[in-house]
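Chemist: Have a look at this one.
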Amino acid sequence: MKKIFVCLMLCLMFGTSVYAMDSDDKRIIGGTQSSSQSWHWMAALVDSYSSSAYNGLFCGGALIHPRWVLTAAHCVKAGDYTNQNIDPSEIRVILNIHNLKTESGDRIRVKRIVTHPQYDNLSSVDNFDVALLELEKEVPYETIPILTNDSDITGKTATVIGWGATKLKGFINNYPSQLMEVQVPVVSNDVCNLAFNRYSDNGLNPITEQMLCAGSAGKDSCSGDSGGPLMVKDSAGAWKLAALVSWGDGCATTGLYGVYTRVAQFADFINGYLSEQPSAQSVDTAQLTDAPQLEITVSGTKVNLSWTPVSGAQGYTLYYAPYPFPFYVDSMDMGTDTELFLNLRRGSAFYIGIRAYNAIGSSPYSNVEHFIVSAIR
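Residue numbers (our numbering): 13 to 389.
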């Protein structure tokens with residue numbers, strides 16, 4: 013799910029799901045069905061509000077520790093226009109599942125989301141696209157170790173797995189219920205940059221050292237596969253996690269490659285969390301259950317926004333969108349402030365919503381209000 017697009021204001025008002033797939037999403041193209049005896053570390057990330065794993069799927073991941081799943085950072089962001097993570101309560105990780113329609117698997121809550129601090133969801137290219145999901149309990153399933161040295165990976169054939177679309181036809185994507193796999197050759201970053209410079213409009217040399225490229229004619233990962241594993245065998249024949257599905261320009265596009273997060277670049281970041289003791293939720297970092305109450309007053313061109321403090325909050329995020337048609341939703345971090353004074357041009361009109369946050373996650377949304385600065389003097 014490359015760059016989750018959210019009509020957040022509709023979510024605020026109607027409680028709809030925060031996940032949707034767009035045209036840059038990564039899918040398994042040109043692959044085959046996986047054996048039910050394979051890939052025990054594969055994780056499905058699903059919307060917690062969906063009772064159906066098939067309908068709720070939005071990304072993949074890999075179990076790298078009995079308590080941790082590795083995925084792409086863009087999978088767990090609240091939308092294209094914010095760097096805020098979605099709330100852990102909005103995700104379920106399903107393990108021990110191959111067929112999303114006929115199997116239930118083991119559905120596990122997420123305690124904590126950790127995205128790389130240098131990931132920028134507002135950038136046009138997903139660099140540092142890696143995140144860790146801490147599960148609420150340890151699980152008994154086979155894990156996959158990360159590849160910490162990939163200096164010889166160019167030219168190797170890698171395997172990518174996921175439940176992403178298997179065929180694209182216009183705006184219609186065909187999503188399988190059965191886990192799929194595809195074998196793709198890894199190419200050098202220099203070769204990949206040359207291809208993107210020639211065939212894509214993602215800027216000059218968009219491939220960084222934090223990325224890895226792979227693919228061949230008619231074979232690629234692409235929508236629904238984001239965050240899922242690209243794997244290679246080491247010299248002893250054991251599978252290692254080399255990369256995560258990240259982004260691309262279309263799917264299996266002639267002349268281009270799929271782009272992945274190069275896991276070896278993040279070994280220290282990942283292992284730092286894997287060595288932690290299980291996190292405990294102290295009183296001051298408990299899940300926020302109360303929503304702020306928003307109030308708006310307008311006097312001439314001056315607008316005052318204020319909201320009630322939430323116990324246990326470490327800060328507040330303000331969301332705004334144009335009224336009456338919320339073509340976009342943007343946000344700003346208010347820190348610990350609970351009031352904002354604005355002097356706006358006449359005719360300005362916006363929806364406003366507030367959400368409190370702390371280290372565990374975010375509160376429910378406040379009441380959504382709108383204001384109009386009169387165009388008449």
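Using N, Cα and C, we set each Cβ at its ideal position, and we do this for glycine too.
Fair warning: this is a prediction, and the values are worked out from it, not measured in the lab.
Which residues in the same chain as A303 place their Cβ atom closer than 7 Å to its Cβ, once the five residues preceding and following it in sequence are excluded?
Modeler: So the list reads S375, P376, Y377, S378, once near-sequence residues are dropped.
Chemist: Rank A368, D246, L354 by C-alpha distance to the C-alpha of A298 and give the top, closest one.
Modeler: Closest option to A298, Cα to Cα, is A368.
Chemist: Under 8 Å: do the stretch 77 to 90 and the stretch 136 to 147 share three or more Cβ pairs, one atom per stretch?
Modeler: Yes, the stretch 77 to 90 touches the stretch 136 to 147.
Chemist: Enumerate in chain order the residues of its own chain whose CB-to-CB distance from I219 is below 8 Å, with the five nearest sequence positions on each side excluded.
Modeler: Correct list, in chain order: N201, C204, N205, F208, C225, V271.
Chemist: My parser needs the beta strand (DSSP E) runs of 3 or more residues fully inside the stretch 161 to 213; what are they?
Modeler: Fully enclosed beta strand (DSSP E) runs of 3 or longer: 169 to 174, 179 to 181, 184 to 186, 192 to 199.
Chemist: N355: buried (16+ other C-beta within 10 angstroms of its C-beta) or exposed?
Modeler: Looking at its Cβ environment, which holds fewer than 16 other Cβ atoms inside 10 Å, N355 is exposed.
Chemist: Note down the Cα distance separating S35 from S386, rounded to an integer number of angstroms.
Modeler: Interpretation of S35 is limited by its pLDDT of 33, a score under 50 that renders its predicted location unreliable; the figure taken from the coordinates is listed afterwards. Taking the straight line from one Cα to the other gives about 39 Å.
Chemist: Report the rounded CA-to-CA distance for I125 versus I106, giving the unit in angstroms.
Modeler: Cα-Cα distance, rounded: 16 Å.
Chemist: Name the residue from L191, S318, G373 whose alpha carbon lies nearest to the alpha carbon of F353.
Modeler: Nearest of L191, S318, G373 to F353, Cα basis: S318.
Chemist: Here's the rule I'm using: 16 or more other beta-carbon atoms within 10 Å means buried, otherwise exposed. How should N97 be labelled?
Modeler: Buried: at least 16 other Cβ atoms inside 10 Å.
Chemist: Can you look up Q277 in the DSSP assignment and give me helix, strand or coil?
Modeler: Helix at Q277.
Chemist: With distance defined between alpha-carbon atoms, name the residue in T169, L286, G72, A276 nearest to Q222.
Modeler: Q222 has its Cα closest to that of A276, out of T169, L286, G72, A276.
Chemist: I76 and L253: beta carbons closer than 8 Å?
Modeler: Yes; because the gap between Cβ atoms is below 8 Å, this pair is in contact.
Chemist: Per the contact definition of three or more C-beta pairs closer than 8 Å, is the stretch 242 to 256 in contact with the stretch 129 to 139?
Modeler: Verdict: no, contact absent.
Chemist: Between which two residues does the beta strand (DSSP E) harbouring Y363 extend?
Modeler: Its beta strand (DSSP E) spans residues 361 to 369.
Chemist: Apply the 10 Å Cβ neighbour rule to D59 and answer buried if 16 or more other Cβ atoms are within range, or exposed otherwise.
Modeler: The residue is buried, with at least 16 neighbouring Cβ atoms inside 10 Å.
Chemist: With 16 as the cutoff for other CB atoms within 10 Å, does M54 come out buried or exposed?
Modeler: M54 is buried by the Cβ-count criterion.
Chemist: Which residues bound the alpha helix (DSSP H) around Y66?
Modeler: Taken as a continuous stretch (DSSP letters only), the alpha helix (DSSP H) holding Y66 covers 65 to 68.
Chemist: Please report the straight-line C-alpha distance between V137 and S212, rounded to a whole angstrom.
Modeler: Roughly 12 Å between the two C-alpha positions.
Chemist: Assuming L191 contacts I173 (C-beta within less than 8 Å), just tell me the rounded distance between them.
Modeler: L191 to I173, Cβ: 6 Å. Contact.
Chemist: Beta strand (DSSP E) containing C225: first to last residue?
Modeler: Element bounds for C225: 223 to 226.
Chemist: Among V315, S64, G260, E307, which one has its Cα closest to the Cα of T114?
Modeler: Nearest of V315, S64, G260, E307 to T114, Cα basis: S64.
Chemist: Give the straight-line distance between the Cα atoms of N108 and G312, rounded to the nearest whole angstrom.
Modeler: Spanning the two alpha carbons is a distance of roughly 60 Å.
Chemist: On a CA-only basis, which of Y340, V310, S323, T320 is nearest R358? Give me that one, please.
Modeler: Considering only alpha carbons, the answer is V310.
Chemist: List the whole-angstrom C-beta distance separating Y332 from I364, where the pair is believed to meet the contact cut-off of C-beta under 8 Å.
Modeler: Rounded, the Cβ-Cβ distance is 6 Å, consistent with contact.
Chemist: What three-state label does DSSP hand I219 in the structure shown?
Modeler: In this structure, I219 counts as coil in the three-state DSSP scheme.
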